[in-house]
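Number of protein chains: 6
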Amino acid sequence: MTSLRLRDADSCRYDLVSLGEVMLRLDPGEGRVRTTRTFRVSEGGGEYNVARALRRVFGLRTAIVTALADNEVGRLVEDCMLTGGVDTSLVRWVPYDGVGRAVRNGLNFTERGFGVRGALGVSDRGHSAASQMKPGDVDWDHLFGAEGVRWLHTGGIFAGLSASSAAVVAEATAAARRYGTVVSYDVNYRPSLDNSDISLPMADVLLGVRDVRKHPDSVVVATTSRRVVSASRNDFGAVAWSPSTGMLKAADRPGLEVLDRVGSGDSFASGLIFGLLSGYPLQVALEYGAAHGALTMTTPGDTSMATAAEVVALAEGAGASVRR
Amino acid sequence: MTSLRLRDADSCRYDLVSLGEVMLRLDPGEGRVRTTRTFRVSEGGGEYNVARALRRVFGLRTAIVTALADNEVGRLVEDCMLTGGVDTSLVRWVPYDGVGRAVRNGLNFTERGFGVRGALGVSDRGHSAASQMKPGDVDWDHLFGAEGVRWLHTGGIFAGLSASSAAVVAEATAAARRYGTVVSYDVNYRPSLDNSDISLPMADVLLGVRDVRKHPDSVVVATTSRRVVSASRNDFGAVAWSPSTGMLKAADRPGLEVLDRVGSGDSFASGLIFGLLSGYPLQVALEYGAAHGALTMTTPGDTSMATAAEVVALAEGAGASVRR
Amino acid sequence: MTSLRLRDADSCRYDLVSLGEVMLRLDPGEGRVRTTRTFRVSEGGGEYNVARALRRVFGLRTAIVTALADNEVGRLVEDCMLTGGVDTSLVRWVPYDGVGRAVRNGLNFTERGFGVRGALGVSDRGHSAASQMKPGDVDWDHLFGAEGVRWLHTGGIFAGLSASSAAVVAEATAAARRYGTVVSYDVNYRPSLDNSDISLPMADVLLGVRDVRKHPDSVVVATTSRRVVSASRNDFGAVAWSPSTGMLKAADRPGLEVLDRVGSGDSFASGLIFGLLSGYPLQVALEYGAAHGALTMTTPGDTSMATAAEVVALAEGAGASVRR
Amino acid sequence: MTSLRLRDADSCRYDLVSLGEVMLRLDPGEGRVRTTRTFRVSEGGGEYNVARALRRVFGLRTAIVTALADNEVGRLVEDCMLTGGVDTSLVRWVPYDGVGRAVRNGLNFTERGFGVRGALGVSDRGHSAASQMKPGDVDWDHLFGAEGVRWLHTGGIFAGLSASSAAVVAEATAAARRYGTVVSYDVNYRPSLDNSDISLPMADVLLGVRDVRKHPDSVVVATTSRRVVSASRNDFGAVAWSPSTGMLKAADRPGLEVLDRVGSGDSFASGLIFGLLSGYPLQVALEYGAAHGALTMTTPGDTSMATAAEVVALAEGAGASVRR
Amino acid sequence: MTSLRLRDADSCRYDLVSLGEVMLRLDPGEGRVRTTRTFRVSEGGGEYNVARALRRVFGLRTAIVTALADNEVGRLVEDCMLTGGVDTSLVRWVPYDGVGRAVRNGLNFTERGFGVRGALGVSDRGHSAASQMKPGDVDWDHLFGAEGVRWLHTGGIFAGLSASSAAVVAEATAAARRYGTVVSYDVNYRPSLDNSDISLPMADVLLGVRDVRKHPDSVVVATTSRRVVSASRNDFGAVAWSPSTGMLKAADRPGLEVLDRVGSGDSFASGLIFGLLSGYPLQVALEYGAAHGALTMTTPGDTSMATAAEVVALAEGAGASVRR
Amino acid sequence: MTSLRLRDADSCRYDLVSLGEVMLRLDPGEGRVRTTRTFRVSEGGGEYNVARALRRVFGLRTAIVTALADNEVGRLVEDCMLTGGVDTSLVRWVPYDGVGRAVRNGLNFTERGFGVRGALGVSDRGHSAASQMKPGDVDWDHLFGAEGVRWLHTGGIFAGLSASSAAVVAEATAAARRYGTVVSYDVNYRPSLDNSDISLPMADVLLGVRDVRKHPDSVVVATTSRRVVSASRNDFGAVAWSPSTGMLKAADRPGLEVLDRVGSGDSFASGLIFGLLSGYPLQVALEYGAAHGALTMTTPGDTSMATAAEVVALAEGAGASVRR
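Shown next, in the form of structure tokens:
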């Protein structure tokens, strides 16, 4: 158990609500975006993926706060989100102009890489409905107050979309704090950006930072660590820090075989949050996060296809023998 | 033969150059955009499709003047255009900002329909590189003068993208006329828009108009006619008018079986232009256009997979017996 | 408006709840079950399909009462049902024995047919969890009383599974009547069975009967009529009867092009129920039912991929022109 | 019953043996050979298809006499033939030279056509092992004598491969006659060839001729008749003649919906031969042939996926209603 | 050579007959059962796989004794078995009741796993026709006596289906012994079951046991050994014991790359049996078994796609260079 | 910089022209040729692949000199070559006889292998149009003189097709030398053939030899080195020699993960030639070759899907981290 104070589940409609953009991911399978003639599609988004996994993998009640342009593409994203089990009633549907000049849906063309060829993604999300969200769009008091939410998750991908999306993050986290809702924020630090330390919102749980020891104001700070041996093989680990535990380390997974690495950081976050929401010690939550991140890399797409039982078993050291 | 005056082929690098947008078409096959999990992709665009068919079906030398954002999606469009055989050296590559805020590539999610369910398309082409083309981007004098072009094709889809694209159309057609290059313009008239009569550029050959008799300044005016019995069955015909021939009519094709109707108007245009470029009488060119439009509806995608021999045979009345 | 008395939407958690089996449909596409090497899968079930369409096509709040064996196949059915948007919280999960001796999930191998080759299906649903449901499994008083349901839909496919499933139907319909919930029952009459007149439960709306005039105790009686010209072409119509309107007839659709006819009767039911739930006159509801049934035959799978707007437009006489 | 004299089934190892070439068919599905990027493969060959259908559709014991080059492609053809249930022990395996200079396996790239676009095939079978078969390769006396065969089927496609294949046909039919084995020969007459009347072998049953009344030496003469309305719709019928019955006509099937017409003539032959082998009157056998030919056009590939029950039901006038 | 006494091939119709269940395997490819929308299908069954490989890989004459319900699914299993080349004339076809209450066909939903995610299978084979086989169903005296069989293979998967299937195993092995047919029995020991030592039938060759030294009554005892480094990488070996040779060990294959491990134990058995049937020393047979088991893990599905030449080459130490 | 003397780019229409055969490659994906039911197709050919990569990966102007039979298969090869961007105007189209007796198109059935199962290919290219090319077919003086070509690439695969193809190689290289065009020749040495030292044409750059130090007459000699750990994992390196540099070695890549190894030697050649054409030192060119060869093994098909930027980055030591 950490010192996080969680609202009572019975008094809350949702265990977790994510605030972020949901994009349509277009995936060329074992080929490349630039030469393919077919795409598989699924939905994905850093903050959303956490809500999806908490619902589908861990069985919690979650919702997504986002905006979508109301056209066939947006409805396809909704179709995918329904599969994900995430409550879509908080989605803001913005009328489409027939062309995509005023508002669009975000797209994400990403190939998985193989061996010496790294994974590669192109975002096509300018002018997305999510990036145009602004303070006042969402009635947070109704959501956190009347309905009740135990945990709010958001992060740096959404906050970085635009000035107004950053303002929505600030508005949402402030409202969450007023109602005792725990706030987690995934910086999604990437060395190429070095955006880890600028203007973070107050977050009880801070994820995806460069150095977990540099954020003493948070109750829990955690992140994955990865060495890319090749696109098909990563050394994968995770660390967490809290005032009471100090620095903790998850079991290392050297030479982890990778099918599609995208979304593993989000799965780390959801595994960890599941552990914390369930009242487990931080070390256990950290192992759940690391195991869930590892499992997500064994299936295509951004989102996790694992089960809670598989996460727990892997965290507890089970092997990959056939079950039948 | 019509009274079109054509530049000599030997003095021209290109038989035809199209000016227009090229989009990535995403096609869910026999399913629907809003519920699919896979898309086939190909390239398409009203003006471009004409250049593609003249190259691949009819064996002429063609090029496309357009602009694309330089990212993986743009390179995929290029990959498709290469398959189409169209010279891509006149494509203007615009640097991508990593997000799609400043410039993007146009996308077109289109399903083909079946029976009582009509075909349905969503354009996602706001802020596309093509829509941001502006006068001065292309050295028309070099193209029409130094290199030499027999025919310029453009139309209302591209002209309607933005004020600047309309200005590029005006600039291009004026330049073409200076060098004796024949100009065709496909209005792409649709009853829902009724945009057929506003501010057409001077065009020798005017296509896709509502009423072919209303444009006496053009040398040839032509259009298809279609009654949608169902998405899978159309009555399909075509008419043309010229000062010397008056009104002409192609063979009617009642109850034509349709797999994917998108692109049939463009194939009508390319068949007709092929006939005119080859010096055939307007009636023959018209039959080529109608036959090519009909054949295009028997294959998936916007673009034609027919051969010139098939077009000619169908125009001359051949049936659909097996050839082996 | 008919004389159906509907509970107020605000006092009900669900607009409609279906009681029935949900099977995994395995579809060989354009091939045949007996020679295929691949199947597409989706979920389906006569009663369930109605709840699914009312949620996904018409935007109402629906749930399914059923039972599933808790194994990977059952979880795949759940994955599909989530895509369908139907509330799955009333699903009864039965422990699996690892073999399928005690309890299983129903499977449905169905091919669509083409031309002179009729559609063909094989049910493999012996010992299914749904067929083993029995009175007392569901707390109907809680559902209809505490939660509130405006409409209960069930039918002869589920009632015919076993003596106990028939008893559950009787229990559910009796409970529904106690709470003022409208009851519809789809006999799913097929000439080969002639099971239309035996032991029907009391139903306000009776569907899929042989002769709509023979059930004067119901408020509305309706059914589709179909002449199978070929597997690819049906003459399709529908009739309804109510005491106040007498016999009504929907617009005939002769020669309707059919891709996959399975589920069209269920879509007729959901279109009609939508009309009645919305308070439209029976003639309008009947047209919605017929139009929705027709649209469902244009896509693969049991379930509808149409939109409410498309249903309304087709019911009002729109053609199948391309929309873009 | 016709006046065909059939050997007793108990004294024969095979009900029918076909002599002909088996090719690998490469099928681009709904696309075209010249632009596809994927092929489905199956095996096919005019004479072989008859043996396959008699085994898989009608349950008889059949074998194929042919030759294949012993490489991965030949083994793939074998894999397909095993699926077809035809006994492959009479296949002559010829060593491969690693290049295909001396001997190869026949290939057949065929697309199915749609609407106004006809089916189209390219044979690539020069130097095939089958075309190089020569008299003496097969021990016919052992086959017809020691093992016993009730019926030998061969035809003009194989006989036309080369002078030596024609000699093998002559050798085989002569041997068959010595042992009382009925001989059928499918001319595979096509108007473009007009090869129907030249040097036919003595055949008890003559198929695929231009005019069934011109071959009085045969016991049965039969052929299909077809009018190609479009590639997707044919008027389809069949006629037969025998000395005792005179001219007979099968039920006409106007406007038959066609998915893939290739192989329908062979299926006509197998349905007819099944009827004759079973001792049915010629009119019944003719109806089986016509019904089987019609059913084969409803599935992809050269070979039939029908069942004997479906053939009989269609021949007796059943419709295409769903069976479930 | 071992001291196995084999019947003469010329006096036997079959080299090997397997007794066991054949299921339809449904494989989601690189995805998971619980989230897939497509399955590839093939046939499989522990005992059957041995007969299939001996026929298709090693060229022997084999048959399967099993039972199937006579519906479209059973016919699909037959279609797959024909591809496998195994003689299906001994299959007992049981009438289907249209629902699957009395009798069904066994299904096997299995995913292959990847990296830290293990392979996972769900059997759905309750009430299968095979599990309902009972003594007296098969005329063993005719099979082993009149027709002649050199080797009978069966095992613990089939014996464990039901009391009556165990009785059929006892009946069959006793009959085999009467006629001098060698009997092999694959325990299919799995640590989770620990069923290795209970009530084994008398078997000349005993496979898949926990400890090869504990079965001194058998002529040969053998098993694979495996350490699951990950689902994609196994250390793979095999051991055998016979009275004359004592304990033997096959070449170890550490870090073997695995695509789909299911069926490797059966392929070990078939490779070993091939060696023994061919009269090779046990060490050679053991190496064939180990090599064949390893090769089977490089292709999808339960069944082997290897060739005898590849098995021999790998057993003799060949590498994985390209052959062309 | 090496001492290669290159013609000026401005005076040449092509940077490189390849002389060789282009075959249709049929690829069963993760399955095997002998058991597949689907093939993906693409074009490939040792010499051609170099021209393709120089155009599509490195942006140079390239053409192919080859011959194709003019049928649907040849047109499919053309469709693929257009995607490859290679100028097809020098292709010689030979009339097809409808059967493939006189002339055909080369086919190449190749599977990629996995783990202990090696890659495996079957060429079916006897009587191909390319193998029948003969001196005099091509006007080399026009090509090298009037049009201008900086570099001619050909090799031992084409030279080995026939006596006449070898003569065409001699004719072409002699002509190239007359016009100052650099000549490279890829021996494509394979240990099983040991054809490396016989009758090589005079080549400035000699590739794919057994021992780079044995060819002092060439300006540059280079080859890859490979140890096949398994089909999925190779140790991969490369060496080059020139009089001025002596022996050079590229960075070793031990344990390189391989998806499809076919074409890696050709990609080595194109990367090296790009470096040399760009005037880089031999060590840099060698690293480009090795990096390009490595990248090609990460995608399906013979041809490279890499970008020049990726080649350079890998050559300079970049890892396989995700780029997004």
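Residue numbers (my numbering), protein chains in the order written: chain L, 6 to 329; chain W, 6 to 329; chain S, 6 to 329; chain U, 6 to 329; chain A, 6 to 329; chain G, 6 to 329. No residue lacks a Cβ here, since even glycine has one placed at the ideal position from N, Cα and C. Keep in mind the model is a prediction, meaning the values are calculated, not measured.
Checklist line | 8 Å Cβ cut-off: residues of chain U touching Leu125 (chain S) | finding: Within the third sequence, the letter at position 120 stands for residue 125 (chain S). Within 8 Å of the CB of Leu125 (chain S), the CB atoms of chain U belong to Val327, Arg328, Arg329, in sequence order along the chain.
Margin query: Please identify the residue among A:Met86, A:Glu116, A:Asp15 whose C-alpha is closest to the C-alpha of Leu31 (chain A).
Written below: Reading the fifth sequence from its first residue, position 26 is the one you call residue 31 (chain A). Residue A:Glu116 is the option with its Cα nearest to Leu31 (chain A).
Notebook entry, point to check: Where does Leu319 (chain A) land, buried or exposed, given buried means 16+ other C-beta within 10 angstroms?
Noted result: Here residue 319 (chain A) is taken as the residue at index 314 of the fifth sequence, counted from 1. By the neighbour-count rule (16 or more Cβ atoms within 10 Å), Leu319 (chain A) is buried.
Checklist line | C-alpha distance - Val210 (chain S) paired with Ala175 (chain S), whole-angstrom precision | finding: Stepping through the third sequence from its first residue, residue 210 (chain S) is reached at position 205. Stepping through the third sequence from its first residue, residue 175 (chain S) is reached at position 170. Each residue's Cα considered, the two are about 15 Å apart.
Checklist line | Extent of the continuous alpha helix (DSSP H) run through Phe273 (chain G) | finding: Position 268 of the sixth sequence holds residue 273 (chain G). Unbroken alpha helix (DSSP H) run through Phe273 (chain G): 269-282.
Notebook entry, point to check: Nearest to Leu112 (chain L) by alpha carbon, out of L:Met28, L:Gly284, L:Leu282?
Noted result: Translated into the one-based positions of the first sequence, residue 112 (chain L) becomes position 107. Answer by Cα proximity: L:Met28.
Check: What residues of chain A sit near Gly120 (chain S), judged by a beta carbon separation below 8 Å?
Finding: Along the third sequence, one-based indexing puts residue 120 (chain S) at 115. Per Cβ cutoff of 8 Å: no residues; Gly120 (chain S) is ~19 Å from chain A at best.
Next item on the list: Could you tell me whether the Cβ atoms of Trp156 (chain L) and Asp20 (chain L) are closer together than 9 Å?
Entry: Translated into the one-based positions of the first sequence, residue 156 (chain L) becomes position 151. Translated into the one-based positions of the first sequence, residue 20 (chain L) becomes position 15. Their beta carbons are under 9 Å apart, which means Trp156 (chain L) touches Asp20 (chain L) by this criterion.
Margin query: Any beta carbon of chain G sitting closer than 9 Å to that of Val22 (chain U)?
Written below: Stepping through the fourth sequence from its first residue, residue 22 (chain U) is reached at position 17. Any Cβ of chain G closer than 9 Å to the Cβ of Val22 (chain U) would place that residue at the interface, and such an atom is absent.
Check: Okay, do the stretch 93-106 of chain S and the stretch 48-61 of chain S touch, 3+ Cβ pairs below 8 Å being the bar?
Finding: Judged by pairs of C-beta atoms under 8 Å, the stretch 93-106 of chain S does not touch the stretch 48-61 of chain S, as fewer than three such pairs exist.
Checklist line | DSSP three-state assignment for Lys139 (chain L), whether helix, strand or coil | finding: Along the first sequence, read from residue 1 onward, the residue named residue 139 (chain L) stands at position 134. Lys139 (chain L) falls in the coil class under three-state DSSP.
Next item on the list: Indicate whether at least one CB of chain L lies closer than 9 Å to the CB of Leu31 (chain S).
Entry: Along the third sequence, read from residue 1 onward, the residue named residue 31 (chain S) stands at position 26. Leu31 (chain S) is outside the set of residues whose beta carbon lies under 9 Å from a beta carbon in chain L.
Item checked: C-alpha distance - Glu83 (chain S) paired with Gly36 (chain W), whole-angstrom precision -> Taking the first residue of the third sequence as 1, we reach residue 83 (chain S) at position 78. Taking the first residue of the second sequence as 1, we reach residue 36 (chain W) at position 31. In a straight line, the C-alpha of Glu83 (chain S) is about 21 Å away from that of Gly36 (chain W).
Note to self: Please classify Pro221 (chain S) as buried or exposed, where buried requires at least 16 neighbouring CB atoms within 10 angstroms.
What the structure shows: Translated into the one-based positions of the third sequence, residue 221 (chain S) becomes position 216. Pro221 (chain S) counts as exposed, since fewer than 16 other beta carbons sit within 10 angstroms of its beta carbon.
Notebook entry, point to check: Since Leu277 (chain S) contacts Ala290 (chain S) with CB under 8 Å, what's their CB separation in whole angstroms?
Noted result: Taking the third sequence and counting its residues from 1, the one referred to as residue 277 (chain S) is at position 272. Taking the third sequence and counting its residues from 1, the one referred to as residue 290 (chain S) is at position 285. About 5 Å separates the two Cβ atoms, so the contact holds.
Checklist line | Simplified DSSP assignment, three categories, for Leu81 (chain G) | finding: Translated into positions along the sixth sequence, residue 81 (chain G) becomes position 76. Note: Leu81 (chain G) maps to helix in three-state DSSP.
Check: In terms of DSSP beta bridges, what is Arg97 (chain S) paired with?
Finding: Here residue 97 (chain S) corresponds to residue number 92 of the third sequence, with the count starting at 1. According to DSSP, Arg97 (chain S) bridges with S:Ala72.
Margin query: Within a Cβ cutoff of 7 Å, which residues of the same chain sit near Ser201 (chain A), ignoring the five residues on either side of it in sequence?
Written below: Here residue 201 (chain A) refers to the residue found at position 196 when the fifth sequence is read from its first residue. Residue confidence for Ser201 (chain A) is low, a pLDDT of 49 falling below 50, so the modelled location carries little weight; the figure read from the coordinates is stated next. Hits under 7 Å: Val192, Tyr194, Val214, Arg215.
Next item on the list: Just the C-alpha distance for Phe46 (chain W) and Val263 (chain G), rounded to the nearest angstrom, thanks.
Entry: Residue mapping note: residue 46 (chain W) aligns to position 41 of the second sequence, counting from 1. Residue mapping note: residue 263 (chain G) aligns to position 258 of the sixth sequence, counting from 1. The sequence given here has Val at residue 46 (chain W), not Phe. Cα to Cα, Val46 (chain W) sits roughly 27 Å from Val263 (chain G).
Notebook entry, point to check: In the structure shown, what three-state DSSP assignment does Ala177 (chain S) receive?
Noted result: Here residue 177 (chain S) refers to the residue found at position 172 when the third sequence is read from its first residue. For Ala177 (chain S), the secondary structure class from DSSP, reduced to helix, strand or coil, is helix.
Notebook entry, point to check: Do you know whose CA, among G:Gly64, G:Gly123, G:Ser283, lies nearest Ser235 (chain G)'s CA?
Noted result: The residue labelled residue 235 (chain G) in the question sits at position 230 within the sixth sequence. Answer by Cα proximity: G:Gly123.
Note to self: So if I threshold CB-CB distances at 8 Å, which residues from the stretch 35-60 of chain G count as touching chain L?
What the structure shows: Flagged: no residues at all.
Next item on the list: Note down, in chain order, every chain W residue with its Cβ under 7 Å from the Cβ of Leu87 (chain G).
Entry: Walking along the sixth sequence from the start, residue 87 (chain G) turns up at place 82. Near Leu87 (chain G) (Cβ distances below 7 Å), the residues of chain W are Leu87, Thr88, Gly90.
Check: Near Ser223 (chain L), what residues of its chain come up, given a Cβ to Cβ distance below 7 Å and the 5 sequence neighbours on each side ignored?
Finding: For the purposes of this step, residue 223 (chain L) is taken as the residue at position 218 of the first sequence. If we look at Ser223 (chain L) and ignore the five residues flanking it on each side, its Cβ neighbours are Ala208, Asp209, Val210, Leu211.
Check: Using a beta-carbon distance cut-off of less than 7 Å, what residues from the stretch 231-244 of chain S approach chain U?
Finding: Listed by position along the chain: Val233, Ser235, Ala236, Ser237.
Note to self: Using a Cβ-Cβ cutoff of less than 6 Å, which residues in the same chain neighbour Ala72 (chain S) once the five nearest sequence positions on both sides are dropped?
What the structure shows: Position 67 of the third sequence, counted from the first residue, corresponds to residue 72 (chain S). Excluding sequence positions up to five before and after Ala72 (chain S), its CB lies within less than 6 Å of the CB of Arg97, Val99, Ala134, Ala135, Met138, all in the same chain and listed in chain order.
Item checked: Residue range of the unbroken alpha helix (DSSP H) whose run includes Ala409 (chain L) -> The question about residue 409 (chain L) has no answer, for chain L in this structure spans 6 to 329.
Next item on the list: Starting from Phe44 (chain A), trace the beta strand (DSSP E) both ways and give me its first and last residue.
Entry: Residue 44 (chain A) sits at position 39 when you count from the first residue of the fifth sequence. First-last of the beta strand (DSSP E) with Phe44 (chain A): 43-49.
Next item on the list: Determine the direct distance from the alpha carbon of Glu152 (chain L) to that of Ala168 (chain L), and round the result to whole angstroms.
Entry: Along the first sequence, one-based indexing puts residue 168 (chain L) at 163. Along the first sequence, one-based indexing puts residue 152 (chain L) at 147. Whole-angstrom Cα-Cα distance: 28 Å.
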